[in-house]
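Have a look at the structure below, then the notes.
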Amino acid sequence: MTTVAEATALASRLLVAAGLPEARAELSARCIVQADVWGIGSHGLLRLPFYLERIQAGGYPASAELRTVTDTGPLLALDGGGGLGHWQLWEAAEQAAKRCQEYGIAAVSVADSGHCGALGLYTAPGLRSGLVTLAFSNGPAVMPPWGGDVPVLSTSPIAAGLPTKPRPSIVDMATSAVARGKIAALAKSGTPVPEGWALDASGQPTTDPVAALHGMLSPLGGAKGFALAFLVEALAGAVVGPNLSSAVPDMFAPEQAGAPQRIGHLLICLDPARFGGEAAYERLATLATTVEEGGGRVPGVNRVLPDETSPDQVLTVSEQVLAELAEWGERLAA
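Residue numbers (the working numbering): 36 to 369.
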């Protein structure tokens, strides 16, 4: 058990010790811990050892900078130099929100970046300003084509932040049957994978979490899920790039820790009022109400935004993860 403040301080210290500049380490730590706040432990502190390994090996160069490639005002294309994705995509999200307020629409990309954790987190800057944000990203290939047995797409995550009332809606999902981080969490605890989630390296269905982690994931919803994943890959991998998922090094393969992943991220921000005036916000509120009155739950309304999170909130983090981070602290201090 640990608090948000303690976990953030720990993650920040470790990232600084690994070589990341202090301000970027602190920002990345906040993003990492927020995933645990949201109950997405598979994208939180559990991943920190892999990030540290890659920073140390050069796979996430600690000195990487965000470089402007194209800037037209509403469109900003950035290059991340292979760096850790959390601080890079957060800065991109803040730029997207700022420019959307000026132009009504903004698109900001980060090419040649690293894994960014929970993708829905990067809708928060837009939501603070009442804006819609769409987010797309790619990663290592783990999903075969529908009917195929060779991995060609990543989990192809997609996220959206919608300024519904009384709470914003944050849609955040992998287009595979499950996020790969959940497979990693199951492998760490030795828990079998539910049937239908994964395939082994030869394309056979498996419930072995280790075989699944180094194998493939089934698409969400069959052929339609694969089509949605293909769309995400076309935007993040092909349009932004520079790597398609088939060329992205695997975070969970230690022998690839020194190879930059060169992941692509894309954020699109929209101002509802520029399309439908204040009535657009009223309709968004009504949409949320009709879902609740119909007996449902609006997606992601329980996710507190980073600036709403109490530093004293207690997190449930496995003793195994905390022990591994303690070992990293000793390793980096040596």
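By construction, the Cβ of each residue, glycine as well, lies at the ideal position given by its N, Cα and C atoms.
Beta-carbon contacts of residue i that lie in its chain and below 7 Å, excluding the five residues immediately before and after
i, result
"Tyr86", "Tyr95, Leu119"
"Gly364", "Leu49"
"Asp114", "Arg102, Val104, Ala146, Asp147"
Same chain, Cβ closer than 6 Å to residue i, neighbours up to 5 away in sequence not counted
i, result
"Val326", "Val333"
"Glu129", "Pro160"
"His121", "Ser63, Cys66, Cys151, Gly152"
"Glu61", "Ser47"
"Ala422", "For the chain, the structure presents residues 36 to 369; residue 422 sits outside this window and is missing."
As assigned by DSSP and simplified to three states, the class of residue i
i, result
"Leu279", "coil"
"Ala97", "coil"
"His300", "strand"
"Gly379", "In the structure as shown, the chain starts at 36 and stops at 369, and residue 379 therefore has no counterpart that could be examined."
"Arg102", "strand"
"Ile218", "helix"
"Ile205", "strand"
"Asp243", "coil"
"Leu322", "helix"
"Leu113", "strand"
"Ile140", "strand"
"Asp306", "coil"
"Val145", "strand"
"Pro175", "coil"
"Leu119", "coil"
"Pro341", "helix"
"Ala233", "strand"
"Thr158", "helix"
"Thr190", "coil"
"Ala292", "coil"
Given residue i as reference, the closest of the options once Cα atoms are compared
i, options, result
"Tyr157", "Val206, Pro346, Phe287", "Val206"
"Ser148", "Lys223, Leu80, Ser98", "Ser98"
"Arg102", "Gly117, Gly108, Ala92, Glu88", "Gly117"
"His249", "Ser237, Glu313, Leu266", "Ser237"
"His300", "Ala142, Gly182, Gly256", "Ala142"
"Gly174", "Leu62, Met36, Glu268", "Glu268"
"Gly182", "Val145, Glu137, Gly196, Gly256", "Gly256"
"Gln69", "Ala369, Val352, Ala220, Glu359", "Val352"
"Glu317", "Gln91, Ala294, Leu197, Ala369", "Leu197"
"Leu55", "Gln91, Leu81, Met36", "Gln91"
"Val356", "Val51, Leu81, Glu61", "Leu81"
"Met178", "Trp232, Pro289, Pro109, Leu154", "Trp232"
"Asp184", "Ser144, Pro277, Pro254", "Pro254"
"Tyr138", "Gln123, Ile303, Pro180, Ala194", "Ile303"
"Ser204", "Leu350, Gly155, Trp125", "Gly155"
"Ser144", "Leu270, Glu230, Met251", "Leu270"
"Ala194", "Ser172, Leu340, Ile140", "Ser172"
Between the CA atoms of residue j and residue i - distance to the nearest angstrom
i, j, result
"Lys217", "Leu111", "33 Å"
"Glu41", "Val72", "13 Å"
"Val274", "Pro284", "19 Å"
"Asp347", "Thr38", "5 Å"
"Ala361", "Leu83", "12 Å"
"Leu367", "His150", "22 Å"
"Ala132", "Gly93", "31 Å"
"Gln291", "Ser191", "20 Å"
"Gln239", "Ala176", "17 Å"
"Ala170", "His78", "16 Å"
"Gly272", "Arg202", "32 Å"
"Glu88", "Ala282", "20 Å"
"Leu279", "Ser224", "31 Å"
"Pro109", "Arg59", "25 Å"
"Gln296", "Ala219", "18 Å"
"Thr107", "Phe287", "37 Å"
"Leu45", "Ala315", "42 Å"
"Gly331", "Glu57", "43 Å"
Cutoff 8 Å; reference residue i; Cβ partners in own chain excluding five residues on either side
i, result
"Thr199", "Leu319, Ala320, Leu322, Ala323, Val333, Val336"
"Asp243", "Pro227, Val228, Asp235"
"Ala222", "Pro244, Val245, Ala247, Leu248"
"Ala52", "Gly364, Leu367, Ala368"
Neighbour flag for residue i against chain B, beta carbons, 9 Å
i, result
"Gly79", "The question asks about chain B, but that chain is absent: this structure has only one protein chain."
Contact test: residue i Cβ vs the ligand MN heavy atom, cutoff 8 Å
i, result
"Gln355", "Absence of the ligand MN from the depicted structure is noted, as is the absence of any ligand whatsoever, leaving it without description."
Given 8 Å, three or more beta-carbon pairs between the region 164-181 and the region 302-313: yes
Stretch-stretch touch, CB-based, cutoff 8 Å, three pairs: the region 209-227 with the region 252-270: yes
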